[in-house]
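Chains as they are written, first to last, in the working numbering: chain A, 1 to 240; chain B, 241 to 480.
For each residue, glycine too, the CB sits at the ideal point set by N, CA and C.
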């Protein structure tokens, strides 16, 4: 039957078929979209967001270019979808596991250590936030805005964790929250640079030492005592 | 006269013409090469080293593609020449002016402050070291090696300045030199990220505060007293 046959009959048959067929089609569409996104994340990690192209994705997924296009209307839309997905995974791995720790220094430390762990995993693949910042620092537009928005969201979460540490009496009352975010971010950027580009050993430990030093500088006696008394996780993260 | 006329006669006339003509030709060649390199540096700062192409350079300089090719035999050779020139300028601006300061903390501070100043100038154009590290972290080869070599040279200069500060009694005897390089580099990377990509105000001051905090942490009483007593430069650099 042609798609353009009598509207009345088609409408009736569509209504009858709706509950099962449309759902199946939606599920299949979502699965395909997820598969393309997965491939796009892999490509973007290695080649950068600018390395993404509908053609390369079609190759990787074994789909036609028009098939990829049907799910992502433009390269820009695809780039933004990759950033959103990357951020969702970052939040799952780093933020939502760390937030289970008690508020104050334990949570802040958990956020930093999971952040370090994520970057250390990305030494071989590359971090979309860090490479994206360099790729798009000169290119205003929706992709840059999406990237900057995700970085801002993460910095806001860090700021909140630092502020809670001050309120809990673990960091000094006059600790400069923005300054601490700036310094912790610097440790992560230096880790990424040394481990990924320079292939210098020991960068992971240096990032941890940098965090310890910041805590020693900004912490209160009560906060430092609590930090020293923390349990060493069995999975090897945490105390170095 | 054709270039391919009798060799004997040509050789004789070449010998006769040598002192003046060859010198002039060399000078002109060097000037052209310098002009291409200048344009290439500008292009690479904005578009990244990977954005460099013989075609784009020909456009910018008003030369033919073959004219550009005559001076740089390949795109790779051009990229490496840009890195070498960039490094020479970095050394002039940062290292060779800072080295005039007394050894120890004054020289280390001068190196950091001139580094900060250079990055702050590059907020609008981009830093070839930082963008290059992201562009080439996944691409082994001579360009990556040239970039990494320049970063290593600068890190070695920093290490030496830190070590001299320890020897002069300005930093604590057990100060971890590699850790300090790691942290200072992190401040610069965070500055570049926040000022250039995020356009967050205050990053310049935060880099300076981070340096002050490192000095407070690693410094000896004598070093801190010397640092506090430093003259404030009239050009506004230095104390914040």
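Reference residue i; option with closest CA among the options
i                      : options                       : result
residue 129 of chain A : A:103, A:57 and A:154         : A:154
residue 276 of chain B : B:304, B:287, B:365 and B:261 : B:304
residue 289 of chain B : B:263, B:382 and B:457        : B:382
residue 210 of chain A : A:201, A:180 and A:195        : A:180
residue 160 of chain A : A:99, A:222, A:79 and A:86    : A:99
residue 282 of chain B : B:410, B:318, B:267 and B:397 : B:318
residue 222 of chain A : A:172, A:110 and A:31         : A:172
residue 150 of chain A : A:27, A:68 and A:84           : A:84
residue 70 of chain A  : A:217, A:32, A:148 and A:101  : A:32
residue 458 of chain B : B:409, B:471 and B:292        : B:409
residue 39 of chain A  : A:68, A:23 and A:24           : A:68
residue 422 of chain B : B:445, B:414, B:404 and B:398 : B:398
residue 231 of chain A : A:23, A:101 and A:80          : A:101
residue 360 of chain B : B:430, B:291 and B:405        : B:430
residue 152 of chain A : A:205, A:178, A:44 and A:61   : A:178
residue 284 of chain B : B:302, B:371 and B:334        : B:371
residue 367 of chain B : B:263, B:326, B:300 and B:351 : B:326
Residue i, enclosing alpha helix (DSSP H) - first and last residue
i                      : result
residue 120 of chain A : 105-121
residue 64 of chain A  : No alpha helix (DSSP H) contains residue 64 of chain A, which DSSP labels as neither H nor E.
residue 378 of chain B : Run containing residue 378 of chain B: none; DSSP gives neither H nor E here.
residue 452 of chain B : 443-458
residue 319 of chain B : 315-330
residue 142 of chain A : 142-167
residue 276 of chain B : 263-287
Three-state class that DSSP yields for residue i in the structure shown
i                      : result
residue 132 of chain A : helix
residue 295 of chain B : helix
residue 426 of chain B : helix
residue 463 of chain B : helix
residue 251 of chain B : No answer about residue 251 of chain B holds up, because its pLDDT of 47 lies below 50 and its placement is not dependable.
Euclidean distance between Cα positions of residue i and residue j
i                      : j                      : result
residue 261 of chain B : residue 385 of chain B : 38 Å
residue 139 of chain A : residue 104 of chain A : 38 Å
residue 187 of chain A : residue 427 of chain B : 8 Å
residue 224 of chain A : residue 66 of chain A  : 58 Å
residue 432 of chain B : residue 34 of chain A  : 34 Å
residue 287 of chain A : residue 203 of chain A : With chain A covering 1 to 240 only, the question about residue 287 of chain A has no answer from this structure.
residue 269 of chain B : residue 336 of chain B : 28 Å
residue 316 of chain A : residue 106 of chain A : Summary: the structure shown does not reach residue 316 of chain A, with chain A confined to residues 1 through 240, and so no result is reported for it.
residue 122 of chain A : residue 46 of chain A  : 10 Å
residue 267 of chain B : residue 437 of chain B : 41 Å
residue 456 of chain B : residue 109 of chain A : 23 Å
residue 200 of chain A : residue 125 of chain A : 16 Å
residue 396 of chain B : residue 416 of chain B : 14 Å
residue 226 of chain A : residue 207 of chain A : 21 Å
residue 321 of chain B : residue 387 of chain B : 11 Å
residue 205 of chain A : residue 213 of chain A : 12 Å
residue 292 of chain B : residue 265 of chain B : 27 Å
residue 469 of chain B : residue 334 of chain B : 23 Å
residue 300 of chain B : residue 263 of chain B : 27 Å
residue 414 of chain B : residue 62 of chain A  : 58 Å
residue 405 of chain B : residue 111 of chain A : 34 Å
Residue i: CB within 7 Å of a non-hydrogen atom of the ligand COA
i                      : result
residue 288 of chain B : Inclusion of the ligand COA in the displayed structure is not the case, the ligand content being empty and no account of it being possible.
At least 3 beta-carbon pairs within less than 8 Å: the region 65-79 of chain A vs the region 110-121 of chain A: no
Meets three-Cβ-pair contact criterion under 8 Å: the region 176-194 of chain A and the region 86-98 of chain A: no
Cβ contact check for the region 52-60 of chain A and the region 119-135 of chain A: 3 or more pairs under 8 Å: no
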